[in-house]
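Residue numbers (the working numbering): 1 to 599.
Comments concern the structure below.
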């Protein structure tokens with residue numbers, strides 16, 4: 001035990017001396033005449049000397065009063081003891097709300113248990129403590145900033161729920177570090193099951209970091225693959241299930257074609273193994289769904305969907321230097337599964353549907369669609385004659401690729417001097433030559449833009465994401481889809497003139513801005529509907545993440561290059577005034593009882 005105000009202990013000397021002195025003083029007597037002494041009962045107490053001071057005698061009242069004074073002095077000295085509790089004087093709690101936190105190995109779920117931990121920290125916090133809460137979901141957000149209002153904090157916590165998606169713990173921790181990293185003694189508390197990638201780009205600053213782990217068991221099966229391909233023998237449907245649990249498990253997977261039952265398959269999978277099945281199905285089906293029934297603790301990964309449209313799910317490779325504008329424009333497209341590389345991989349082959357060359361030389365590739373930005377290569381559908389600085393837009397055609405795209409206000413620091421060659425067709429021109437060129441031969445399509453996005457202000461224009469959405473539609477060979485498949489929890493965009501209304505686990509209306517409606521996320525897996533400008537389309541959301549499906553609770557996590565082990569509850573120095581107050585009240589009550597009894 002330590003004291004924040006140890007000097008107050010010296011007050012016991014004068015205070016105790018005053019109490020003892022009061023017991024040494026003589027009694028003031030008053031002379032009274034009485035008729036006879038036998039009218040008074042016998043006096044057994046010693047008659048005290050009529051002097052200023054008398055001999056000190058033992059008295060329980062004196063002991064109790066000295067003890068009460070000692071307790072008061074100790075309270076003023078503010079004794080400190082080590083106490084358990086998440087909250088410190090300044091604390092940021094990062095709460096994981098990803099799919100794995102919905103596991104039910106802890107009743108009612110890991111997330112509910114984590115919310116209980118956070119609620120306990122809020123209730124146990126001192127009035128002077130300041131707390132903040134950050135949700136570590138697919139898009140981290142601050143539920144409440146540093147404050148000392150338990151009522152509002154608990155209300156914000158109650159409104160929080162899980163999502164059937166991956167999380168972004170790294171960004172949430174960076175946000176927490178920005179809030180309290182410069183404050184001495186601050187705390188960052190991560191409440192999670194540890195199902196996230198190691199966090200490297202994170203600096204805690206002056207704050208201490210704690211990891212509060214949740215979860216007990218790891219039994220879980222997940223649909224890890226569902227897809228179709230057309231072969232000479234017909235259409236083939238493939239489905240795979242993986243066992244992430246510690247023991248062999250049996251289950252059943254039901255397959256549906258456009259909402260109608262297709263087949264039901266029973267299986268048994270050993271621990272850590274994968275079971276797969278290929279079936280021959282009819283070509284006319286548009287949407288395939290799979291539902292898994294098994295004794296596991298996570299339900300979000302027991303559903304999967306595949307849309308049988310060559311443009312519904314596109315593997316896109318972005319080749320070139322880092323470009324956050326282009327990456328985001330492609331990533332918002334729900335059809336795109338984006339991968340990045342600084343150079344074209346040697347084994348790229350035909351595994352990608354679309355390859356985007358961003359400011360690097362175009363190279364031959366067997367993808368069915370190629371988008372070239374700013375730099376041509378051997379065999380291009382254009383003829384290049386150097387580069388220039390600046391341009392003036394001249395004209396464009398009515399091709400759907402340029403619908404909603406306006407180059408009249410675009411400026412470029414570096415633009416290639418191009419002219420269409422071979423089967424290339426100029427879609428837009430500038431004072432420097434061809435601005436946009438397309439070529440279509442033997443089922444393959446190529447599209448050229450005369451400048452790289454980072455060499456211009458095009459990324460700041462409203463037509464920038466629209467151009468990439470139109471380009472992906474053209475290069476991927478997509479038709480007007482009646483069904484849309486998205487990843488749960490991730491943002492996506494759809495072309496819209498007015499608005500998009502999403503109906504899946506709750507309705508939400510998103511207004512269109514500059515021809516695009518950006519939907520922040522769909523929180524849950526399943527089937528719903530999206531109405532774009534009043535036209536309905538089926539909307540399917542699913543989760544395919546082995547990281548989230550592997551629900552083994554982690555006893556330590558990698559944060560900022562170091563391992564942080566789970567702790568039951570951090571400790572802190574706290575005031576020891578409550579027990580002292582209880583003891584003081586008890587002493588005073590006993591002293592009063594003794595005084596009344598002696599009187």
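Backbone N, C-alpha and C define an ideal beta-carbon position, used for all residues, glycine too.
Under the assumption that residue i contacts residue j (Cβ atoms under 8 Å), give the Cβ distance between them as a whole number of angstroms.
i: residue 89; j: residue 149; result: Not confirmed; about 16 Å, so no contact.
i: residue 417; j: residue 433; result: 5 Å
i: residue 608; j: residue 271; result: The first residue shown for the chain is 1 and the last is 599, placing residue 608 beyond what the model contains.
i: residue 498; j: residue 523; result: Not a contact, Cβ separation roughly 24 Å.
i: residue 466; j: residue 405; result: 6 Å
i: residue 99; j: residue 192; result: So it is not a contact: roughly 12 Å between Cβ atoms.
i: residue 253; j: residue 265; result: 5 Å
i: residue 203; j: residue 245; result: So it is not a contact: roughly 37 Å between Cβ atoms.
i: residue 307; j: residue 286; result: 7 Å
i: residue 105; j: residue 215; result: 6 Å
Does the distance between the C-beta of residue i and the nearest non-hydrogen atom of the ligand GTP fall short of 7 Å?
i: residue 198; result: The ligand GTP is not among the ligands present in this structure, which contains no ligands whatsoever.
Need the endpoints of the beta strand (DSSP E) that residue i sits in, please.
i: residue 563; result: 562 to 565
i: residue 198; result: Segment: none, residue 198 is in no beta strand (DSSP E) and carries neither H nor E.
i: residue 516; result: 516 to 519
i: residue 325; result: No beta strand (DSSP E) holds residue 325; the alpha helix (DSSP H) holding it covers 324 to 331.
i: residue 485; result: 483 to 487
i: residue 95; result: 90 to 96
i: residue 16; result: Careful: residue 16 lies outside any beta strand (DSSP E), inside the alpha helix (DSSP H) at 12 to 24.
i: residue 394; result: 393 to 396
i: residue 203; result: Neither: residue 203 is in no beta strand (DSSP E) and is coded neither H nor E.
i: residue 352; result: Note, residue 352: premise wrong, no beta strand (DSSP E); not H, not E.
i: residue 304; result: 303 to 307
Do you know how far the Cα of residue j is from the Cα of residue i?
i: residue 472; j: residue 462; result: 17 Å
i: residue 567; j: residue 213; result: 7 Å
i: residue 153; j: residue 373; result: 49 Å
i: residue 420; j: residue 426; result: 6 Å
i: residue 65; j: residue 35; result: 40 Å
i: residue 337; j: residue 331; result: 8 Å
i: residue 263; j: residue 298; result: 23 Å
i: residue 579; j: residue 158; result: 32 Å
i: residue 142; j: residue 300; result: 25 Å
i: residue 167; j: residue 217; result: 20 Å
i: residue 77; j: residue 525; result: 58 Å
i: residue 309; j: residue 476; result: 10 Å
i: residue 19; j: residue 67; result: 11 Å
i: residue 241; j: residue 221; result: 7 Å
i: residue 180; j: residue 145; result: 11 Å
i: residue 552; j: residue 284; result: 41 Å
i: residue 454; j: residue 207; result: 37 Å
i: residue 234; j: residue 228; result: 10 Å
i: residue 597; j: residue 62; result: 15 Å
i: residue 563; j: residue 583; result: 44 Å
i: residue 411; j: residue 431; result: 12 Å
i: residue 75; j: residue 10; result: 13 Å
i: residue 303; j: residue 258; result: 15 Å
i: residue 354; j: residue 319; result: 11 Å
i: residue 448; j: residue 364; result: 14 Å
i: residue 107; j: residue 251; result: 23 Å
i: residue 139; j: residue 94; result: 13 Å
i: residue 115; j: residue 155; result: 12 Å
i: residue 544; j: residue 485; result: 12 Å
Which partner residues of residue i appear in the DSSP bridge assignment?
i: residue 436; result: 428 and 449
i: residue 279; result: 237
i: residue 475; result: Partner(s): none; residue 475 has no beta bridge.
i: residue 249; result: 269
i: residue 415; result: 388
i: residue 358; result: 373
i: residue 339; result: 317
i: residue 542; result: 487
i: residue 456; result: 412
i: residue 243; result: 221
i: residue 255; result: 263 and 290
i: residue 590; result: DSSP, once it has assigned bridges, lists no residue as partnering residue 590.
i: residue 191; result: 95 and 212
i: residue 557; result: 564
Identify the continuous alpha helix (DSSP H) that holds residue i and give its terminal residues.
i: residue 365; result: It is not in any alpha helix (DSSP H) - residue 365 carries neither H nor E in the DSSP assignment.
i: residue 62; result: 60 to 76
Q: Give, in chain order, every unbroken run of the beta strand (DSSP E) that is at least 3 residues long and sits entirely within the segment 139 to 189.
A: For secondary structure counted as the beta strand (DSSP E) over 3 or more consecutive residues, the segment 139 to 189 holds these complete runs in sequence order: 141 to 147.
Q | Unbroken stretches of the beta strand (DSSP E), 3 residues or longer, contained in the segment 102 to 143 | A | List check, beta strand (DSSP E) in window: 130 to 136.
Q: Return the chain-ordered ranges of every beta strand (DSSP E) run that is complete within the segment 494 to 537 and spans a minimum of 3 residues.
A: Here the runs fully enclosed are 499 to 503, 507 to 511, 516 to 519 and 526 to 532.
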